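Asker: Pasting a structure below so you can have a look.
In the working numbering, the protein residues as written are 204 to 287.
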């Protein structure tokens, strides 16, 4: 016998929507972190070697810079690697 008013069982639509939004948020965070940390690794590597790469120059500590690479620069004591 078939019942005409029997409803199918399954996940409510709200649960499916929340799960989809959660997955979307995780994907967006993954993209942000994968793009945002790419330059960070290069900066750490060059500072660890005591280098100041091309767009940066050595400046006295306290100079206003657009970006700074901190490190132990033995040839330039009391200076920072600065992008002005």
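The beta carbon of each residue, even a glycine, is placed where N, CA and C say it ideally should be.
From a predicted model like this one, the values you see are computed outputs, not experimental measurements.
Is the beta carbon of residue 255 closer than 8 Å to that of residue 236?
Answerer: No, the Cβ-Cβ distance between residue 236 and residue 255 is not below 8 Å.
Asker: Residue range of the beta strand (DSSP E) that residue 283 falls in?
Answerer: From DSSP, the beta strand (DSSP E) with residue 283 extends over 282-286.
Asker: Can you have a look at residue 232 and say buried or exposed, based on whether 16 or more other CB atoms are within 10 angstroms of its CB?
Answerer: Counting Cβ neighbours within 10 Å, residue 232 comes out exposed, since fewer than 16 surround it.
Asker: Tell me which same chain residues have a C-beta within less than 7 Å of the C-beta of residue 282, skipping the five on either side of it?
Answerer: So the list reads 261, 262, 263, 264, 276, once near-sequence residues are dropped.
Asker: Please go through the same chain and pick out, in chain order, the residues whose beta-carbon is closer than 7 Å to the beta-carbon of residue 279, but skip the five residues on each side of it.
Answerer: Around residue 279: 261.
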